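Using the UniProt record's numbering, the first residue of the sequence shown is number 1, and each one after it goes up by one.
For every residue, glycine included, the Cβ atom is placed at its ideal position computed from N, Cα and C.
Please read these numbers as outputs of a predicted model, since none were measured by experiment.
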Amino acid sequence: MQAHSAVKRYTLQAGGFAAIGMALCYISMALIFFGLVSIPTDIDVISRIRHIQQQYGLVAWGYGCGYLLFGVLLAVLLQALKQVLPDNQYVLAELADRFGAIWLMLMMAAGMTVLIGLEQVFELLARDPLQAQALYHANNMLSHALGGGIELVGGLWCLLFSLAGLNQQVLSKALHRLGVLVGCLGILTVLHTLPYLKDAFGLLQMIWFVWLGVVLLRMQNSYASR
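As structure tokens, this is what we get:
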């Protein structure tokens, strides 16, 4: 019994740090791409590719944090959240876990696609600039589609988990209400005509991740004090 309690405690602790780390991944990606790299908007595609190539270390770090590290942390968080909902057979909890796993795979695939794609673009640039441009556009489209052009899957995961939490009355109601809002915003990003939806989703989900992480760490502390 004590061994099971210790495993649960460490899983919750890992999940808490993972959730906070996911918020930091959002912040790191934003700082890199909107601050440190900051690709000019008034240059042609070839110049844009060269600009990315010159700062590829930062670009790779940004995508690595925003997609690959984020995916690893999401896997840890999903495992921890299985300890949070007492009724693991409850349909909303099960659906949430499945959509979380799909989101994890999409994020990892997006990160690997964009990094490998950029390497191929750089190789083509010297000998065939036109093909390099075409591949650059294709790589952007594919990675954007996989990794956040539409936040449907992440929104469904957040919404379903929050609804399951409200139904089973675990964690904070306010946290779950924020999660419902975040989830709905993510689903609405399917409608590209509505401005700032993605920005609102990203900002509010970042707050939700930090809040969730703090709650999980407090749960872990309650187990440690027993």
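Helix, strand or coil for residue i, going by three-state DSSP, please let me know.
i	result
G57	helix
L78	helix
V37	coil
L73	helix
Y10	helix
Y26	helix
Y63	helix
D42	coil
L85	coil
Buried or exposed for residue i, going by 16 or more other Cβ atoms inside 10 Å?
i	result
V91	exposed
E123	exposed
T41	exposed
V153	buried
S143	buried
I43	exposed
Q54	exposed
V59	buried
L197	buried
L74	buried
Q130	The question names Gln, yet the displayed sequence has Leu at residue 130. With fewer than 16 other Cβ atoms within 10 Å, it is exposed.
V7	exposed
For my contact list, residue i and residue j are in at a C-beta cut-off of 8 Å; report their separation, rounded to the angstrom.
i	j	result
M108	Y67	7 Å
E151	T193	Not quite, the Cβ-Cβ distance comes to about 15 Å (not below 8 Å), so this is no contact.
V215	S172	6 Å
W157	W103	5 Å
L185	G149	Not quite, the Cβ-Cβ distance comes to about 15 Å (not below 8 Å), so this is no contact.
G16	L217	4 Å
L77	A18	4 Å
L178	L204	7 Å
I49	Y136	6 Å
F201	V182	6 Å
Check each candidate in the options and name the one with the smallest Cα separation from residue i.
i	options	result
L69	A23, I43, Q53 and T41	A23
F33	A14, G21, G64 and L78	G64
S162	Q133, G100, K8 and L142	G100
Q83	L191, Q168 and L178	Q168
Q79	Q13, L166, G149 and C184	Q13
M206	A164, I27, L159 and H176	I27
L160	Q55, A126 and D97	D97
A126	R9, S47 and L175	S47
V72	A132, L175, G165 and G111	G111
G62	T11, V45 and L115	L115
G57	L81, E119, A6 and V7	E119
L175	L212, G183 and N140	L212
N140	P195, I52 and G183	I52
A93	L191, V170 and V210	V170
Q133	G117, P195, A145 and G147	G117
G147	A164, G183, T113 and V37	T113
D199	T11, Y10, C25 and A30	A30
Closest Cβ-Cβ distance between residue i and chain C: below 8 Å?
i	result
H192	Structure shown: chain C not included; a single protein chain is present.
Sequence ranges, alpha helix (DSSP H) only - wholly within the region 124-209, length at least 4: If only uninterrupted alpha helix (DSSP H) runs of at least 4 residues are considered, those enclosed by the region 124-209 are 129-146, 152-168 and 173-188.
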